[in-house]
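Residues in the sequence shown are numbered consecutively from 204, following the numbering used here.
The beta-carbon is built from N, C-alpha and C at its ideal position, and this holds for glycine as well.
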Amino acid sequence: MTTRHPLSATVLGYPRIGAKRELKRAVEAYWAGNIDDAGLAAASAEVRAQMLTDLSAQDLTSVPVNVFSHYDHVLDTTAAVGAIPERYRNVGGTLAQYFAAAHGNAELAPLELTKWFDTNYHYLVPELGPDTVFSAQPQKALQEYHEAVERGLQARPVLLGPISFLLLAKPEPGSPSDFHPLSRLEDLIACYRDLLAAFTEAGATWVQLDEPALCADRTEAELAAVATAYTALAHTEANIFVTGGYGSFDKALPLLLNSGIDALAIDAVAGASDIDWLEANEVPPQVTLVAGVVDGRNIWRTDTVRAAAIVDRIKAVATTVGVSSSCSLLHVPVDLEAETGLAPELAQRLAFARQKIREVSQLAQPDGERWSRGESNLAWRNDHIRQRLASLDASATQRDDFETRVKAQEAHTPLPPLATTSIGSFPQTTDIRRARAQHRNGLMIDVDYKSRLKKEIASVIELQERLDFDVLVHGEAERNDMVQYFAEHLAGFTTTEAGWVQSYGSRCVRPPILFGDVSRPSPITVDWSAYAQSLTTKPVKGMLTGPVTILAWSFVRDDQPLSDTAAQVALALRDEVADLEAAGLKVIQVDEPALREMLPLRQAEQDDYRRWATDAFRLATAVVKPETAIHTHLCYSEFGEVIDAINALDADVTSIEASRSKMEVLQDLHASQFARGVGPGVYDIHSPRVPTVEEIASALSKAIAVIDPKRLWVNPDCGLKTRRYKEVEPALASLVEAAKQVRAQL
Ligand SMILES: CN1c2c(nc(N)[nH]c2=O)NC[C@@H]1CNc1ccc(C(=O)N[C@@H](CCC(=O)N[C@@H](CCC(=O)N[C@@H](CCC(=O)O)C(=O)O)C(=O)O)C(=O)O)cc1
Ligand SMILES: N[C@@H](CCS)C(=O)O
Ligand SMILES: [Zn+2]
């Protein structure tokens, strides 16, 4: 029998929250004090055991380990290099320190949470300073390694690679202004060498180092660091396997190939241009290439006829070739078999993580089963929608000029300067979630569920009136999720029962599946918003999720350009916007928190994206009269990076996260001469801390120094769905009181 290369058939990572969110429940129970350390350890061990069972079910030649995580794999690498910040070190043992850094506690804010490349996953940002001491902590990785070896598996520990670790880190507070984490490369490499030595001593022959940061444009200095790091690590006993997973390596490709590493994964789905480069250049014979042909970011069944042809192209340029997923399977749900409600003709075109392992295994066998997707399914086409879109002209995306709108809106909906509002959702209480679960399971009839939701809306309106908000929201109690809810009501989408994917920590989402042409069979939110408006004389904001965010947080068909799909979603939302206006809503917010997330990692692709993304938003919103105000909301603070796109949305008011970044966004607003309404968030909803009137007033005083108070809105950073009323009520009271105080001084 011939021995197969350990990377002949593998996946780069695996979902770790548990097929039924077992880890979420265990971690949340642990935080609530309902289970102890032993209880959490037992639940975690079960999740890891199931991961290994899945990974060993097919004929993979090696499996990734250290891919389980109690919260986040970037934080796991921070812990593995001994760099958990000093301030968390005296809260208890290693697990207590880990959770303090991840989740915070009454005294300590957690590490900053931010987007993982162009995905809906969020990682905890490492904080490094000139004096951070690195020390190898291989225990977690070794435990997982031994668990796999005990099952007879060929296991390879996985770490975030040193370059990505440093590029994702930020300077710790108090660092010199010219300090850059990359300057710590040499010390970090020494620590990685210690980690690798611990792995090889335990018997591991291969180590996987993930370098997703190399899938974005990098400076010459950063590229030079790649060569330095991997030349050093290649001279260790371990066989080094480097992955990217979020696009092409581009300029980093020759540097990695020639650094002396042993294997490199090519993202053949999002980074196919690397294959063209490989065909035109020399691949060192000692480097194994692993063809990432099974999409780790989407759920379509792999066309294995086409994938095998790509593997053959790579085989033509490299001596040894393996097959894998394009990136970790972290971004897809665990098991398609758990979905009993999907239409069979759709289900047979899908693959979740367990099915993707099988695809890899089949592709790695010369005589493995092959399947061809054929032509896209015409049954899912809607010619009426296509004709409607084709008949639109430029006026469909064009409103009157901003000044005209402002005048019309001031007359139609008079508001004070520093108008107060919130972002949309109010706390999703256990009671509401339970009612929804009962309704879904047939244990609560429609009429009772609707009256429960109406009661919630009435209570949210009553609270905002009592707190004296200027523009009210209905609270979004009827929504399980801001994307899934719309997908459940739009044709062309389907949703899953158990297709959970980790978004951050214990928080999960079930991304809907956009499989066909999209349309809106009937109004979605109009009754709820109109009901809320009927309860108050103050303006209520209609509340929708925008087309870009709906695409970003769904699994989207890949048989036509994203821009075409975005236009279809936008057209459906346009009808909803028009109906909200007709129902008497004078303010309509269309959220686009994923506008920045969808921005391609490579600059060369960004202009095209900005054009179609902002066109889609304007197609959805430009249907209203000048007197109707269009608001949008973006929950990240890198305002400067997408300022052109935000301008191109042509919204009347934009609310944006600002409090965690200490209102730094104001500099960008000032520098860009942003001329529209803007609400820099003054209450950090990610923290249970209740802000004081003084601190909000001080943030507002800073804001009015650069923004005309008539254009300044006062709002939290984001929706309140993950918070509890006991924090939200006093925080919102502070917010309104602070606005009143600053307003009085104008
Ligand atoms: C704003 N964010 C969002 C992102 N992506 C989205 N798709 N949605 C977002 O809002 N990305 C960026 C940010 C931050 N990300 C998140 C992601 C997820 C959450 C969150 O709170 N998730 C919830 C699940 C939400 C949900 O689907 N709720 C359903 C099901 C609730 C449930 O678990 N029900 C129980 C039964 C209830 C009971 O008996 O008590 C069950 O089914 O077993 C619903 O409400 O119906 C999470 O818990 O992870 C926040 C921010
Ligand atoms: N309207 C949504 C936006 C979240 S980004 C909410 O308030 O939850
Ligand atoms: Zn938000």
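The C-beta of His873 has fewer than 16 other C-beta atoms within 10 Å across all chains shown, which makes the residue exposed.
DSSP places Thr728 in the coil class of the three-state scheme, outside both helix and strand.
For Asp871, the number of other beta carbons within 10 angstroms of its own is at least 16, and it is reported as buried. Taking the Cβ atoms as the reference, Val712 lies roughly 7 Å from Asn323, within the contact range of under 8 Å. Here DSSP, grouped into helix, strand and coil, assigns His836 to strand.
In this structure the stretch 515-528 does not touch the stretch 668-679; the number of beta carbon pairs closer than 8 Å is below three. DSSP places Trp234 in the helix class (H, G or I) of the three-state scheme.
Contact holds between the stretch 786-798 and the stretch 742-754, because three or more Cβ pairs, one in each stretch, are under 8 Å apart. A distance criterion of 8 Å places the beta-carbon of Trp731 beyond contact range of ligand 1, judged by its closest non-hydrogen atom.
Residue range 507-518 is occupied by the alpha helix (DSSP H) that includes Arg516, with no beta strand (DSSP E) assigned at that position. Distance between Leu398 and Thr408, taken at the CA atoms: about 13 Å.
DSSP places Ser722 in the uninterrupted beta strand (DSSP E) bounded by 716-722.
Secondary structure at Gly922: coil, using DSSP grouped into helix, strand and coil. Shown here, Gly843 sits in a helix according to DSSP, grouped into three states.
Contact between the stretch 461-476 and the stretch 237-251 is absent, with fewer than three C-beta pairs closer than 8 Å.
Within the model, the alpha-carbon separation for Lys373 versus Phe689 is close to 36 Å.
In this structure, ligand 3 has a non-hydrogen atom nearer than 8 Å to the beta-carbon of Gly922. For Lys789, the distance from the CB to the nearest heavy atom of ligand 1 is not below 8 Å. Secondary structure of His325 (DSSP, three-state): strand. Asp413 is positioned such that its CB atom lies no closer than 9 Å to that of Asp453. At a Cβ-Cβ threshold of 9 Å, Ile846 and Gly884 do not count as neighbours.
The DSSP-derived three-state label of Val266 is strand. Contact between Ala900 and Ala947 does not hold, since the beta-carbon distance rounds to 10 Å and is not under 8 Å. Linking Asp651 to Ala351 through their CA atoms gives a straight-line distance of about 50 Å. Counting along the chain, Lys559 sits inside the alpha helix (DSSP H) bounded by residues 556-567.
When Cβ pairs closer than 8 Å are counted between the two stretches, the stretch 552-566 is seen to touch the stretch 531-540, the count reaching three or more.
Judged by DSSP in its simplified three-state form, Gln705 adopts strand. Measuring C-alpha to C-alpha distances from Leu738 to each of Glu691, Leu553, Ser662, Phe877 identifies Ser662 as the nearest. Contact between the stretch 598-618 and the stretch 815-826 is established, with three or more Cβ pairs separated by less than 8 Å.
Going by beta carbons, Gly295 and Ala303 fall inside the 9 Å limit. Under the DSSP assignment, Trp409 falls in the beta strand (DSSP E) whose first and last residues are 409-413. Distance from the C-beta of Cys711 to the nearest heavy atom of ligand 2 is not below 8 Å. For the stretch 848-922, the full-length beta strand (DSSP E) segments reaching 3 residues or more read 856-859, 880-883 along the chain. No residue range can be given for Thr698, since it is assigned to no alpha helix (DSSP H) and is classified by DSSP as neither H nor E. Less than 9 Å divides the Cβ of Ala229 from the Cβ of Leu243.
Judged by DSSP in its simplified three-state form, Arg359 adopts strand.
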